[in-house]
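Quick note on numbering: the sequence shown equals residues 1 to 209 in the UniProt record's numbering. In this text, a Cβ means the ideal position worked out from N, Cα and C, and glycines have one as well. No experiment lies behind these values; they were computed from the predicted model shown.
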Amino acid sequence: MVAVHCVQSQKNQNTEECVSDNLVTLCKKCEPAIVQIRGNKNSTTNFLTHLKRKHGDRALQEYYEYKTKKSQGGINQRKTALRRNTTVNLKQNDFEELISRFIVSSMVPFRVVEDEWFVEIFKQLKIDRHGLKVPSRRAVIRDIEKNCRRFKNSTNITNNGSNFVKAFRKFGVNKNLIEMSKKMNVFPDEEKQHENEDDSSSDSENCEK
Numbered sequence: 001m002v003a004v005h006c007v008q009s010q011k012n013q014n015t016e017e018c019v020s021d022n023l024v025t026l027c028k029k030c031e032p033a034i035v036q037i038r039g040n041k042n043s044t045t046n047f048l049t050h051l052k053r054k055h056g057d058r059a060l061q062e063y064y065e066y067k068t069k070k071s072q073g074g075i076n077q078r079k080t081a082l083r084r085n086t087t088v089n090l091k092q093n094d095f096e097e098l099i100s101r102f103i104v105s106s107m108v109p110f111r112v113v114e115d116e117w118f119v120e121i122f123k124q125l126k127i128d129r130h131g132l133k134v135p136s137r138r139a140v141i142r143d144i145e146k147n148c149r150r151f152k153n154s155t156n157i158t159n160n161g162s163n164f165v166k167a168f169r170k171f172g173v174n175k176n177l178i179e180m181s182k183k184m185n186v187f188p189d190e191e192k193q194h195e196n197e198d199d200s201s202s203d204s205e206n207c208e209k
């Protein structure tokens with residue numbers, strides 16, 4: 001195996017820094033003998049030639065295995081660092097609340113959480129590694145109902161129809177549309193209600209007589 005080191009320069013005995021791209025290396029396979037190999041830091045040809053010529057193909061294979069292992073170690077370290085940087089500090093309850101907010105804001109049906117492509121998005125994000133899972137439709141409905149109970153809605157109800165009167169005065173009334181709606185029976189329940197009211201009023205008049 002070749003260990004690459006900068007050998008002290010004869011011109012500067014107090015430094016081990018490489019002042020150029022040229023390197024002088026020591027072969028660990030040749031120890032205890034000190035064998036120096038000169039080459040360039042951007043090329044390993046001289047070093048590999050020495051390994052093969054002096055120590056055989058086995059030594060050369062060991063070198064390649066060492067380089068592969070070292071490279072793989074660097075990749076694993078970067079992956080580990082990436083996982084640490086992408087750690088999600090999100091609890092399941094908070095995650096479900098975010099899903100519920102999305103559904104309410106987008107006005108999509110509750111069954112969207114059961115859609116295969118919606119679920120696939122979170123599978124690709126590998127949320128299970130963080131202990132999260134897509135909530136069921138029942139869980140979403142339960143969460144939304146619970147949040148609705150937290151808000152009290154105070155309203156004023158009136159029968160005087162003042163808002164309708166203002167609208168009619170401002171925009172007017174199209175009598176033709178009213179007559180057409182009667183013919184088409186657009187408000188059947190309302191007509192039945194009026195009929196019942198008329199019947200009840202006539203019955204009360206008969207009773208008084």
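Beta-carbon proximity check, residue i vs residue j, cutoff 7 Å
i: L23; j: K41; result: yes
i: R137; j: E114; result: yes
Own chain partners of residue i with C-beta closer than 8 Å, once the 5 adjacent residues on each side are dropped
i: R96; result: Contrary to the premise, residue 96 reads as Glu rather than Arg in this sequence. The answer, listed in chain order, is P135, A139, V140 and D143.
i: A59; result: M1, K29, L51 and K52
i: T45; result: G39
Sequence-distant residues of the same chain with beta carbon closer than 7 Å to residue i, five excluded per side
i: T68; result: none
i: H55; result: K29
Integer-rounded CB distance, given that residue j should sit under 8 Å from residue i
i: F47; j: I37; result: 6 Å
i: L132; j: Q92; result: 6 Å
i: I99; j: F110; result: 10 Å between Cβ atoms; not a contact.
Bounding residues of the beta strand (DSSP E) (the contiguous stretch that carries residue i)
i: L125; result: Premise fails: L125 is in no beta strand (DSSP E) and is neither H nor E.
i: E22; result: Contrary to the premise, residue 22 reads as Asn rather than Glu in this sequence. N22 -> beta strand (DSSP E) spans N22 to C27.
i: I99; result: Per DSSP, I99 belongs to no beta strand (DSSP E); it is in the alpha helix (DSSP H), Q92 to S106.
i: N40; result: Q36 to N40
Cβ neighbours of residue i in the same chain (closer than 6 Å, five flanking residues each side left out)
i: N12; result: Unreliable positioning characterises N12 in this predicted model, as indicated by a pLDDT of 35, which lies under 50. The coordinate reading is nonetheless provided below. Within the same chain, N12 has no close Cβ partners at all.
i: V112; result: F118
i: E145; result: none
Bounding residues of the alpha helix (DSSP H) (the contiguous stretch that carries residue i)
i: N46; result: T45 to H50
i: E145; result: R137 to R149
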